[in-house]
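Written out below as structure tokens is the structure these notes cover.
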């Protein structure tokens, strides 16, 4: 039992940190510009595919640096030539733009790399078990993923809270006109922030690609859960996103580990009732519904605390 | 003069069109060509195209060329029906499909209704891989023919092997949460319980179909249960990722599988380092020892650059030809009648028969294990250097289960 708890905690934290890496970019963009970027998971997918392609050409480590930069550049272009022009038509237009972009990216990716999963492997340097607990190996690559996510989180916090750049970014968030009058180029700040957010998603793609599956529908599979993270954590709150990522990662992992059902808690239904919809519902285990648990959390938090765990604004 | 030539050049193909359409037999291949099942679906499409080319090179069926039309159903029943209707509208009278029993059930139902409503334009449904037993039991249809062994036939053979393996004490079941996965778990529980009541089922897991991206939490659970063997019907991405996670965690158990040989499976097994500890149950495999089948495998690999996952697809196409020639017609109604009780020498050797009662093809079944190859086994899988090794062959009479099918005959 202890074994299961320890391993599940590790797995949950890892998944949570990966979610954070993705949602941090989304949160920063959202708090800056008020745009819910539907194409964010697509930038993650682009990161994975660029990572795969660059790994084939120049190796994993250069790809780890170059692929996020490429994705960031695409993100900046999207902001400069897409979002900035639609901004004057309001948030709905911006939302629709990113929505369409997500589909376009998926189509382009499947045209270039095909619809089957690509063979994106863990670099041989990290392809060994890092340590063994209770006779279960923990792969070094997963530890590496964890380390990258933690480093990024700390770096983001420091930049936003402790540096001059962070000060301007935060000010531009609430008082864009004032910041503009002080001589800062608010447009460029927005563009860079969008680029950095996209690059973060790209980075998550590069490092998650070999561990999960790299294929053209990976964005669609991950997109919805990201919105759960940022709403659950509080719209626009970076620490909130961090906590929410961890909570959702852990909840989902532990839900798989639990075999409990209503039947095991309260005993089976009267057998004379015969098989019916009720007995089906009664016998469903938590493990079976694990994938939908995060969405249940989303619904509950929206009812109980609409601004999210650490959010400041009602929305 | 030039105008006339131009006119002929434009009109001639139009005139030629109907004639050539009648000269081809179109087979609609409806399987996932995108999403989580794509790797499996694309392999199947290439296999059927190879088989069609082979038949065409030998003059086709009754002088008619065969054309395979690939249609993407995204492993989705609803999408499959749209594709099936599209195919029928384009003149397809034969549909073949395999991946996903939920899709198969929907298609079988669709074809049956279509044939009732459109007499004279019947469509036959050749199922090469969907193994839910209900398709040839309570949901059986006259227009549906299955070449793969149903999952209860496979489980019957598998448990007959497991019951003679005393080292098996604790079994963990993990399957995809849909009709096929559920039938694997219920059959395994029932048959193991009857044949080896001392075996303990220490886990019985269902997970969402083609949705899980990381199986580590499931592997942690298997490990914690103390199981020595796992039985799984997982296929495609779900199998490869399951084994990948097992390899990462260093889980050392015996795996009894239906589809370890599918796309990505062998690579994942090799990563686990479980030499001859992953078993698969099939109607044939590369190193079966049958010379004709091994020669065929060699030619297939040379041209398609894939292993022959579906010896049953070879049986299907060859039996289609045999039935059409027996009926001397490519009319689906006559072909269906000719297929019933048709005896056939299968690719890997031994006689099979298309049972009239439920349209289930009965054939020899093999259990093989995956690991280092011996001298007489030339074929590895996915360039891993490992390949399949014969563990047990179950002949047709021992690989039968009864059917409850009450078929409505036209």
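Chains as they are written, first to last, in the working numbering: chain A, 1 to 315; chain B, 316 to 725.
Even for Gly, the Cβ is constructed at its ideal location relative to N, Cα and C.
So is residue 149 of chain A in contact with chain B if we call contact Cβ pairs under 8 Å? False, the Cβ-Cβ gap to chain B never drops below 8 Å.
Round the Cβ separation of residue 70 of chain A and residue 204 of chain A to the nearest angstrom and send it over; I've been treating them as touching at under 8 Å. At roughly 14 Å, the Cβ-Cβ gap does not stay under 8 Å, so residue 70 of chain A and residue 204 of chain A are not in contact.
Can you tell me whether residue 592 of chain B is helix, strand or coil according to DSSP? In the structure shown, residue 592 of chain B sits in coil (DSSP, three-state: anything other than H, G, I, E or B).
Does the count of Cβ pairs from the region 212-221 of chain A and the region 35-48 of chain A closer than 8 Å reach three? Taking 8 Å as the limit for Cβ pairs, the verdict is that the region 35-48 of chain A does touch the region 212-221 of chain A.
Which chain B residues are close to residue 42 of chain A, counting only those with a beta carbon under 8 Å from its beta carbon? Annotation: residue 42 of chain A has no Cβ neighbours in chain B at a cutoff of 8 Å; minimum Cβ distance is about 16 Å.
Any beta carbon from chain A within less than 8 Å of residue 507 of chain B's own beta carbon? Closer than 8 Å: no.
Among B:567, B:342, B:573, which has the Cα closest to the Cα of residue 376 of chain B? Comparing Cα-Cα distances from residue 376 of chain B to each of B:567, B:342, B:573, the minimum goes to B:342.
Classify residue 178 of chain A: buried if its beta carbon has 16 or more other beta carbons within 10 angstroms, exposed otherwise. With fewer than 16 neighbouring CB atoms inside 10 Å of its own CB, residue 178 of chain A falls in the exposed class.
Taking Cβ-Cβ distances shorter than 7 Å, what residues in chain A pair up with residue 454 of chain B? Annotation: residue 454 of chain B has no Cβ neighbours in chain A at a cutoff of 7 Å; minimum Cβ distance is about 18 Å.
Using the beta-carbon count (16 or more within 10 Å), is residue 713 of chain B buried or exposed? Answer is exposed; the Cβ neighbour count stays below 16.
Hey, quick one: how far does the beta strand (DSSP E) through residue 663 of chain B stretch, first residue to last? Careful: residue 663 of chain B lies outside any beta strand (DSSP E) and carries neither H nor E.
Do residue 413 of chain B and residue 391 of chain B have their beta-carbon atoms positioned less than 8 Å apart in this structure? The Cβ atoms of residue 391 of chain B and residue 413 of chain B lie no closer than 8 Å to each other.
Listed in chain order, which residues of the region 284-301 of chain A have Cβ atoms closer than 7 Å to some Cβ of chain B? Under the 7 Å Cβ criterion, the region 284-301 of chain A contributes 287, 288, 291.
Where does residue 704 of chain B fall in DSSP's three states? Three-state result, residue 704 of chain B: strand.
From residue 33 of chain A to residue 297 of chain A, what does the alpha carbon distance come to, in whole angstroms? About 26 Å.
Contact set between residue 253 of chain A and chain B, taken where Cβ atoms lie within less than 7 Å: One finds 532 in chain B with Cβ atoms closer than 7 Å to the Cβ of residue 253 of chain A, taken in chain order.
Under 8 Å, Cβ to Cβ, is there at least one residue of chain B near residue 107 of chain A? It does not; no Cβ of chain B falls within 8 Å.
With a threshold of 16 other CB atoms inside 10 Å of the CB of residue 300 of chain A, please say whether the residue is buried or exposed. Residue 300 of chain A should be labelled exposed.
If you follow the beta strand (DSSP E) that residue 130 of chain A is in, where does it begin and where does it stop? First-last of the beta strand (DSSP E) with residue 130 of chain A: 129-133.
Burial state of residue 537 of chain B, where buried means 16 or more other Cβ atoms lie within 10 Å: Residue 537 of chain B comes out buried.
Are the beta-carbon atoms belonging to residue 225 of chain A and residue 19 of chain A less than 8 Å from one another? Remark: C-beta atoms of residue 225 of chain A and residue 19 of chain A approach each other more closely than 8 Å.
When Cβ atoms are compared, which residues of the region 509-525 of chain B fall closer than 7 Å to chain A? Answer set for the region 509-525 of chain B: 520, 521, 523.
Using the rule of at least 16 other Cβ atoms within 10 Å of the residue's Cβ for burial, across every protein chain shown, is residue 560 of chain B buried or exposed? Residue 560 of chain B should be labelled buried.
Taking the alpha-carbon positions, what's the residue 10 of chain A to residue 143 of chain A distance? Residue 10 of chain A and residue 143 of chain A have their alpha carbons spaced roughly 10 Å apart.
Range of the contiguous alpha helix (DSSP H) that encloses residue 647 of chain B: Following the DSSP letters along the chain, one finds residue 647 of chain B inside the alpha helix (DSSP H) bounded by residues 647-654.
Inter-residue spacing [alpha-carbon to alpha-carbon] between residue 184 of chain A and residue 190 of chain A: Going by the C-alpha atoms only, they are around 11 Å apart.
Assuming residue 43 of chain A and residue 118 of chain A form a contact by the criterion Cβ under 8 Å, report the distance between their Cβ atoms to the nearest whole angstrom. Taking the Cβ atoms as the reference, residue 43 of chain A lies roughly 18 Å from residue 118 of chain A, outside the contact range of under 8 Å.
Under a CB-based cut-off of 8 Å, is residue 538 of chain B close to chain A? Taking Cβ atoms only, chain A reaches closer than 8 Å to residue 538 of chain B, which makes this a yes.
Going by DSSP, which residues form a beta bridge with residue 643 of chain B? The partner list for residue 643 of chain B (beta bridge, DSSP) is empty, contrary to what the question assumes.
Where does residue 485 of chain B sit, in a helix, a strand or coil, going by DSSP? If DSSP states are grouped into helix, strand and coil, residue 485 of chain B belongs with the strands.
So who's on the other strand from residue 669 of chain B, going by DSSP bridges? In DSSP, residue 669 of chain B forms a bridge with B:676.
In chain order, what residues of the same chain have a beta carbon less than 6 Å from the beta carbon of residue 210 of chain A, not counting five sequence neighbours either side? Excluding positions up to five away in sequence, the list reads 120, 121, 122.
Give a yes or no on whether the C-beta atoms belonging to residue 370 of chain B and residue 632 of chain B are separated by under 8 Å. With a cutoff of 8 Å on beta-carbon distance, residue 370 of chain B and residue 632 of chain B are scored as near each other.
Endpoints, the alpha helix (DSSP H) within which residue 106 of chain A is located: The continuous alpha helix (DSSP H) containing residue 106 of chain A extends over residues 91-113.
Suppose contacts are defined by Cβ-Cβ distances below 8 Å. Is residue 290 of chain A in contact with residue 256 of chain A by that definition? Yes, these two residues count as a Cβ contact at 8 Å.
May I ask which residues mark the beginning and end of the beta strand (DSSP E) holding residue 341 of chain B? Taken as a continuous stretch (DSSP letters only), the beta strand (DSSP E) holding residue 341 of chain B covers 339-346.
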